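So the structure is just underneath, and the comments pick up after that.
Number of protein chains: 2
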Amino acid sequence: MKTTMPLPKTRLSAEARQIEIVAAVLALATEHSPDAITTQAIAQQIGLTQGAVFRHFPTKEAIWLAVMDWLENSLQSAIAAAIAEVGDPVAGLQALFNAHIAFIVTHPAVPRLIFHELQKPAASAVKQRVRGLLERYRQRVTTLLVQAKAQGLVDPALDEPAAATLFLGTVQGLVMQTLLAGDLRTLHPTASRLLPLYLRGIGVRQP
Amino acid sequence: MKTTMPLPKTRLSAEARQIEIVAAVLALATEHSPDAITTQAIAQQIGLTQGAVFRHFPTKEAIWLAVMDWLENSLQSAIAAAIAEVGDPVAGLQALFNAHIAFIVTHPAVPRLIFHELQKPAASAVKQRVRGLLERYRQRVTTLLVQAKAQGLVDPALDEPAAATLFLGTVQGLVMQTLLAGDLRTLHPTASRLLPLYLRGIGVRQP
DNA sequence: CAAGATAGTAACTGATTACTATCTTAGTAT
DNA sequence: ATACTAAGATAGTAATCAGTTACTATCTTG
Chain A
61 MKTTMPLPKT
71 RLSAEARQIE
81 IVAAVLALAT
91 EHSPDAITTQ
101 AIAQQIGLTQ
111 GAVFRHFPTK
121 EAIWLAVMDW
131 LENSLQSAIA
141 AAIAEVGDPV
151 AGLQALFNAH
161 IAFIVTHPAV
171 PRLIFHELQK
181 PAASAVKQRV
191 RGLLERYRQR
201 VTTLLVQAKA
211 QGLVDPALDE
221 PAAATLFLGT
231 VQGLVMQTLL
241 AGDLRTLHPT
251 ASRLLPLYLR
261 GIGVRQP
Chain B
61 MKTTMPLPKT
71 RLSAEARQIE
81 IVAAVLALAT
91 EHSPDAITTQ
101 AIAQQIGLTQ
111 GAVFRHFPTK
121 EAIWLAVMDW
131 LENSLQSAIA
141 AAIAEVGDPV
151 AGLQALFNAH
161 IAFIVTHPAV
171 PRLIFHELQK
181 PAASAVKQRV
191 RGLLERYRQR
201 VTTLLVQAKA
211 QGLVDPALDE
221 PAAATLFLGT
231 VQGLVMQTLL
241 AGDLRTLHPT
251 ASRLLPLYLR
261 GIGVRQP
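Line order of the protein sequences matches chains A and B. For the first sequence, the residue numbers in this note's numbering are 61 to 267. For the second sequence, the residue numbers in this note's numbering are 61 to 267.
Structure follows, in structure tokens:
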């Protein structure tokens, strides 16, 4: 399954190449471990020489930061769109859950990049970026849970931070087990079997 | 925080050195990314030269397989001991949950090794080993859930495979978020706030 | 106590890494 | 057309990786 571009053989502006490089990293991460994404591999993916990559990014870390920028924006707009359409907070949680799963199905490289970064002990700039990203996500979930409790939709004694952790854990654990199996197609059906269990866990009324 | 041995300066048998090498990998993994665990780093940790490591393991992959052997045995006996002491299946799930958390607190390097291996797309021998390990764990959870349903302790319409996935996901997701925060001390208290939510999710009676 | 077996050392090999200096060429404004 | 600018090519660099070789020191055993 090659994902190579038609490579128009022409020169591109620095900005266009930067976007192309980020796309190349994502494409490579779907089939290779992030360790294996060398500057040589990136250059090969877009039909450049290895040295040319450094015309557009000063260091390799800068490439990773650009990838995280893309992730932040994409995920942000994906979940914002999902939540905007629904009325009550519990429906918002369901929409958020499904949007998250759909995002991963569309971009299977993303969890790999996240896990790879989180597993590093050192607090690098890239890890800090991921940390902030997940923290904002978590805050959004907590807000929905607080609203749901205020409207009497969930257990009135709900531990919202714990429920938010469980929400993230449900998605992350599910994705990890799917990565383990190596079959991404099972992600969506399995997700819809997990969601009712979670909702009952936080005390939502009907199944 | 150095974890260097007193290094007795003497020769050790091949078997003893193999155990020492596995221990060195675990020690290194608590403070370094698995990529950074080079044969040089291992040798340095136990006070040998790099070449000497290859007296005891033919390849580096063999070292990783030995680490996974250790993990399989340790985890196996830890959870077996936890389950043996309790009577009903729901109490077994709670014991399993707590034993898993306690194991990770004792061996903080383990989730890092697991995540690092699962994130690789290639189906290497090491990844196969991890896959089997988690599959057996998952089977054990499923068995407990089936027993609990038979005894009427949980929702009679429970989706056991989904509930088993959620169980693993709860632990894995929780651990991942703790790795993110970088503070392992919060793991145990957070875990005890998550467990009631999970138990209600599968339809256990009292909180 | 001699002799074989084996743990360990020192120095290396070739491959690969991120990154860089110098040169070339394409696109563009004048 | 000519000159300037920036993208890319070519060909490097030093560092680091897993694994190997030739040799030495130590332990065990007949």
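No residue lacks a Cβ here, since even glycine has one placed at the ideal position from N, Cα and C. Because the structure is a prediction, the values reported are computed rather than measured.
- A distance below 7 Å between beta-carbons, with the five flanking residues on each side excluded, links Thr99 (chain A) to the following residues of its chain, in chain order: Gln110, Val113, Lys120.
- Close to Phe163 (chain A), with beta-carbon spacing below 7 Å, lies no residue of chain B; the smallest spacing is near 17 Å.
- Between Phe157 (chain B) and Leu257 (chain B), the gap from beta carbon to beta carbon reaches 9 Å or more.
- Here the region 133-147 of chain A does not lie against the region 84-101 of chain A, with fewer than 3 beta-carbon pairs under 8 Å apart.
- Using a CB distance cut-off of 9 Å, Gln199 (chain A) does not count as an interface residue toward chain B.
- Interface residue (Cβ-Cβ distance to chain B less than 9 Å): Phe175 (chain A) is classified as such.
- Taking 7 Å as the Cβ-Cβ cut-off, the region 78-100 of chain B approaches chain A at Glu91, His92, Ser93, Asp95, given in chain order.
- By the CB criterion at 9 Å, Val150 (chain B) and Ala222 (chain B) fall outside the cutoff.
- Ala185 (chain A) and Leu125 (chain A) do touch by the CB rule: their CB atoms are close to 7 Å apart, below 8 Å.
- Note on the region 172-256 of chain B: whole alpha helix (DSSP H) runs with a minimum of 4 residues are 185-210, 220-241, in chain order.
- Secondary structure of Asp95 (chain A) (DSSP, three-state): helix.
- A direct Cα-to-Cα measurement between Ala224 (chain B) and Thr250 (chain A) gives close to 11 Å.
- Cβ-Cβ distances below 8 Å link Val190 (chain B) to Met128, Ile174, Glu177, Leu178 in the same chain, with the five nearest sequence neighbours on each side left out; the list follows chain order.
- Linking Leu234 (chain B) to Gly233 (chain A) through their CA atoms gives a straight-line distance of about 9 Å.
- Note that the C-beta distance between Asp148 (chain A) and Gln199 (chain A) is not below 9 Å.
- Using a Cβ-Cβ cut-off of 9 Å, Val231 (chain A) counts as an interface residue toward chain B, since at least one Cβ of chain B sits closer than that to its own.
- Excluding its 5 nearest sequence neighbours in each direction, Ile81 (chain A) has C-beta neighbours in its own chain below 8 Å: Ile102, Ile106, Val113, His116, Phe117, Ile123, Ala126, listed in chain order.
- What Thr119 (chain B) touches in chain A, judged by beta-carbon distance under 7 Å, is nothing: the nearest beta carbon there is about 18 Å away.
- Assignment of Asp129 (chain B) by DSSP, reduced to helix, strand and coil, places it in the helix class.
- Taking 9 Å as the cut-off, the beta carbon of Val231 (chain A) is found no closer than this to the beta carbon of Ile139 (chain A).
- Just measuring C-alpha positions, the residue of A:Glu220, A:Leu228, A:Pro168, A:Leu213 sitting nearest Thr238 (chain A) is A:Pro168.
- For Thr246 (chain A), same chain residues with a beta-carbon under 8 Å away, outside a window of 5 residues either side, are Thr238 in chain order.
- For Leu204 (chain A), no CB of chain B lies under 9 Å from its own CB, so it is not counted at the interface with that chain.
- C-alpha of Glu132 (chain A) to C-alpha of Gly192 (chain A): approximately 10 Å in a straight line.
- Excluding its 5 nearest sequence neighbours in each direction, Arg71 (chain B) has no C-beta neighbour in its own chain below 8 Å.
- Secondary structure at Arg265 (chain A): coil, using DSSP grouped into helix, strand and coil.
- Of the other Cβ atoms in all chains shown, fewer than 16 fall within 10 Å of the Cβ of Gln188 (chain A); this residue is therefore exposed.
- The criterion of a C-beta distance shorter than 9 Å is not satisfied by Ala96 (chain B) and Leu86 (chain B).
- Taking C-beta separations shorter than 7 Å and ignoring five residues to either side along the sequence, the partners of Arg77 (chain A) in its chain run His116, following chain order.
- About 4 Å separates the beta carbons of Leu205 (chain B) and Glu220 (chain B), which is inside the 8 Å limit, making them a contact pair.
- When 7 Å is used as the limit between beta carbons, Pro181 (chain B) is near these residues of chain A: Glu91, His92, Ser93, in chain order.
- Collapsing the DSSP output to three states places Thr70 (chain A) in coil.
- Spanning the alpha carbons of Ala84 (chain B) and Arg172 (chain B) requires a straight line of approximately 15 Å.
- With fewer than 16 other Cβ atoms inside 10 Å of its own Cβ, Gly242 (chain B) counts as exposed.
- At the C-beta level, Leu228 (chain B) and Val201 (chain B) come within 9 Å of one another.
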